[in-house]
């Protein structure tokens with residue numbers, strides 16, 4: 053399938069699923085269609101404030117199946133559906149991604165090729181405030197060329213719910 057056809061199909065799938073998933077309180081974060089022999093794999097990543105749990109992913113899967121079964125968007129070629137959470141390996145591209153990752157450590161590449169690593173303190177509509185080496189720094193989203201959450205294995209939660217380094 054050509055890239056243009058795949059993009060059109062992806063857009064149509066997002067349009068079909070947007071309202072039903074929003075009714076469940078979920079946002080569509082990604083739609084990926086990958087050829088797999090005579091089949092295709094349709095991966096749909098969903099998220100919401102506070103993250104999604106397995107029950108919500110299962111409910112989203114049922115709803116996506118229902119909507120796709122009632123639609124001709126996938127055509128006649130068979131496919132396998134995978135509904136997942138957003139995951140930490142996806143780049144932060146929208147303000148809601150930054151907000152949902154508050155307190156997490158992120159590596160940010162800026163438009164001037166500077167790279168910084170800091171903890172998300174606040175995420176607004178136009179900028180994020182990071183703590184970098186004990187200093188607060190506000191960075192406008194339009195200055196960010198890439199941002200990824202860093203996995204921290206030694207981080208624990210204190211009794212009052214705050215997280216601290218070990």
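In this note's numbering, the protein residues as written are 53 to 218.
Glycine is no exception: its CB is placed at the ideal position from the N, C-alpha and C atoms.
For clarity, every value in this text was computed on a predicted model and none was experimentally measured.
- The shortest C-alpha to C-alpha distance from residue 79 to any of 88, 94, 127 and 100 is the one to 100.
- Contact annotation: residue 135 and residue 116 have beta-carbon atoms nearer than 8 Å.
- For residue 182, the uninterrupted beta strand (DSSP E) segment begins and ends at 179–184.
- In this chain, the beta strand (DSSP E) harbouring residue 170 covers 167–175.
- Residue 154 is a Cβ neighbour of residue 175, given a cutoff of 8 Å.
- Non-local beta-carbon contacts of residue 171 in its own chain, meaning distances under 6 Å to residues more than five positions away in sequence, involve 157 and 183 in chain order.
- By the beta-carbon neighbour count (other beta carbons within 10 angstroms, threshold 16), residue 91 is exposed.
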